[in-house]
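Protein chains in written order, with full-length UniProt numbering: chain X, 1 to 212; chain R, 1 to 212. Don't be surprised by glycine CBs; every beta carbon is placed ideally from N, CA and C. Take a look at the structure set out below.
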DNA sequence: ACCACGATGTATCGGACCGATACATCGCAC
DNA sequence: GTGCGATGTATCGGTCCGATACATCGTGGT
């Protein structure tokens with residue numbers, strides 16, 4: 001999961017660890033706490049060893065903005081490699097049970113603008129399936145096994161059930177949107193201006209922003 | 001977390017691993033997937049080594065119901081010890097940051113009927129605080145940093161924000177209920193009949209056994 | 001002039017937990 | 001009688017977390 005997230009973020013811009021973690025938190029804050037440094041740094045090392053990412057020279061490029069303040073230090077800036085982009089494309093396209101869990105789904109969803117529509121649909125439907133099953137489990141519990149549970153546990157289940165129902169509705173909307181061509185609002189091109197050799201096919205219905 | 005959950009469940013009834021996991025799933029299904037055997041069995045061993053739980057002889061007690069079918073096998077039934085009960089009381093009463101995370105809160109909440117009111121209140125308020133902070137983070141993101149994020153990520157944040165708002169409202173209700181004396185419905189005494197030497201002060205609204 | 005403090009930044013260690021997997025037995029349906 | 005799904009115990013490798021350590025920077029207070 002972390003591997004996928006790092007590769008995805010570095011595709012938008014080169015960054016050092018600290019920055020990466022902040023972006024991670026910003027992008028995934030809704031779905032999971034954040035990855036800790038205890039997994040981030042080892043993973044960076046692993047990705048570098050595998051050749052998916054590489055260390056970059058400090059502050060040479062993208063001049064003008066923020067001249068050279070705090071120039072080089074211990075900071076290690078990572079850049080994704082061509083192999084890394086391939087790896088990302090492969091990871092983002094393959095789906096499985098772990099794609100539908102809370103954490104996995106969140107990460108995949110956060111990179112939907114780099115995912116082709118067929119895969120998006122597959123993921124949304126898989127997630128819906130997963131949540132529907134969780135929902136049914138809770139319904140059964142609140143029906144049949146209710147008298148075995150104390151009031152607090154029951155209340156927890158009730159609240160969980162409501163959350164499930166709500167998420168299923170949300171997913172339904174997203175799926176309908178996806179099928180009708182247009183994205184929830186609009187996928188937009190990442191920071192990286194150039195480079196169009198990445199596979200992700202431009203989504204069909206590129207339309208307007210939300211905020212009316 | 002798992003330690004607390006096991007101790008709590010064994011206080012209601014002696015069980016073997018498989019059964020324990022099913023109960024765990026039933027009780028915590030709303031908040032987290034389930035603990036896997038890969039953590040369950042090692043933890044059982046650890047608890048046994050610490051003297052909090054002990055192996056019990058198979059099917060000797062609680063006769064009548066289900067005579068002796070499938071009598072003894074490889075099944076290992078665990079029973080909580082007096083020290084284990086003390087340990088549970090200590091764990092359930094102490095609060096901290098980890099108590100307010102998704103998983104920690106869920107487990108603590110699931111055993112609220114064995115928690116004194118002051119602690120319940122402390123946990124609910126801590127949890128509320130935590131979610132409120134998460135909520136503020138998401139609000140900031142959707143306000144200031146919105147243009148940096150793509151439409152899908154934005155939609156994820158929006159959905160997360162709504163979930164936070166909903167949970168805060170839920171917590172408010174629980175807190176109000178808690179303050180006004182009555183629990184969501186009513187905490188009930190566990191299976192364990194004897195032993196009143198454990199510290200947990202009898203909650204105010206102590207009523208009768210489960211099965212009415 | 002000094003320095004305390006919080007943000008930035010890299011890094012490691014132990015431990016909790018997961019997912020896959022391997023077995024072995026039971027009761028039941030075909 | 002036989003295969004199959006539920007019951008049941010157990011381990012292994014790997015991911016991730018939480019705490020911790022340490023060093024530098026800019027800022028503001030005194």
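- Following the DSSP letters along the chain, one finds residue 79/R inside the beta strand (DSSP E) bounded by residues 77-80.
- Nearest C-alpha to residue 56/X among 75/X, 42/X, 140/X, 40/X: 75/X.
- If you draw a straight line from the Cα of residue 45/R to the Cα of residue 84/R, it comes to about 13 angstroms.
- In terms of beta-carbon proximity, residue 27/R lines the interface with chain X, with at least one pair separated by less than 8 angstroms.
- Residue contact with chain R for residue 141/X: present (Cβ-Cβ distance below 8 angstroms to some residue of chain R).
- Under the Cβ criterion of 8 angstroms, residue 99/R is not counted among the residues facing chain X.
- Comparing alpha carbon positions, the residue from 101/R, 80/R, 137/R closest to residue 124/R is 101/R.
- Between the alpha carbons of residue 8/R and residue 90/X lies a distance of about 44 angstroms.
- With the rule of 3 Cβ pairs closer than 8 angstroms, the segment 38-52 of chain X does not count as touching the segment 113-120 of chain X.
- Against chain X, the CB of residue 112/R has a partner CB under 8 angstroms away; the residue lies at that interface.
- For the segment 148-170 of chain X, the beta-carbon criterion of a distance under 9 angstroms to any beta-carbon of chain R is satisfied by 148, 149, 150, 151, 152, 153, 154, 155, 156, 157, 158, 159, 160, 161, 162, 163, 164, 166, 167, 170.
- Collapsing the DSSP output to three states places residue 1/R in coil.
- Close to residue 88/X, with beta-carbon spacing below 8 angstroms, lies no residue of chain R; the smallest spacing is near 16 angstroms.
- For the segment 126-150 of chain X, not one full-length alpha helix (DSSP H) segment reaches 4 residues or more.
- Approximately 4 angstroms separates the beta-carbon atoms of residue 112/R and residue 152/X; this is inside 8 angstroms, confirming the contact.
- Contact between residue 160/X and residue 175/R is ruled out by a C-beta separation of about 19 angstroms, above the 8 angstroms threshold.
- Residue 26/R is a Cβ neighbour of residue 141/X, given a cutoff of 8 angstroms.
- Here DSSP, grouped into helix, strand and coil, assigns residue 175/X to helix.
- Contact between residue 164/R and residue 128/R does not hold, since the beta-carbon distance rounds to 10 angstroms and is not under 8 angstroms.
- Note on geometry: alpha-carbon atoms of residue 130/X and residue 54/R lie some 37 angstroms from one another.
- Under the Cβ distance rule, residue 31/R counts among the residues neighbouring chain X, one pair being separated by less than 8 angstroms.
- Under the three-state reduction of DSSP, residue 31/X is assigned to coil, being neither helix nor strand.
- The shortest CA-to-CA distance from residue 1/R to any of 168/R, 173/R, 22/R, 106/R is the one to 106/R.
- By the criterion of a C-beta distance shorter than 8 angstroms, residue 93/X is surrounded in its chain by 115, 116, 119, once the five residues flanking it on both sides are discounted.
- Nearest neighbour of residue 149/R by Cα position, chosen from 15/X, 24/X, 16/X, turns out to be 24/X.
- Within chain R, not a single residue places a beta-carbon under 9 angstroms from that of residue 35/X; the smallest gap is close to 14 angstroms.
- For residue 54/R, the enclosing beta strand (DSSP E) stretches over residues 53-56.
- Between residue 20/X and residue 6/X a beta carbon distance of about 6 angstroms is seen, short of the 8 angstroms cut, so the two are scored as contacting.
- Distance check between residue 48/R and each of 22/R, 33/R, 17/R places 17/R closest, using alpha-carbon atoms only.
- Minimum Cα-Cα distance from residue 171/X among the listed residues 10/R, 11/R, 143/R, 155/R corresponds to 155/R.
- By the beta-carbon neighbour count (other beta carbons within 10 angstroms, threshold 16), residue 104/R is buried.
- Residues of chain X whose Cβ lies closer than 7 angstroms to the Cβ of residue 138/R are, in chain order, 29, 30.
- Using a Cβ-Cβ cut-off of 8 angstroms, residue 8/R does not count as an interface residue toward chain X, since no Cβ of chain X sits closer than that to its own.
- Relative to the Cα of residue 162/R, the nearest Cα in the group 180/R, 177/R, 173/R, 138/R belongs to 138/R.
- Residue 116/R: not part of any alpha helix (DSSP H); DSSP gives it neither H nor E.
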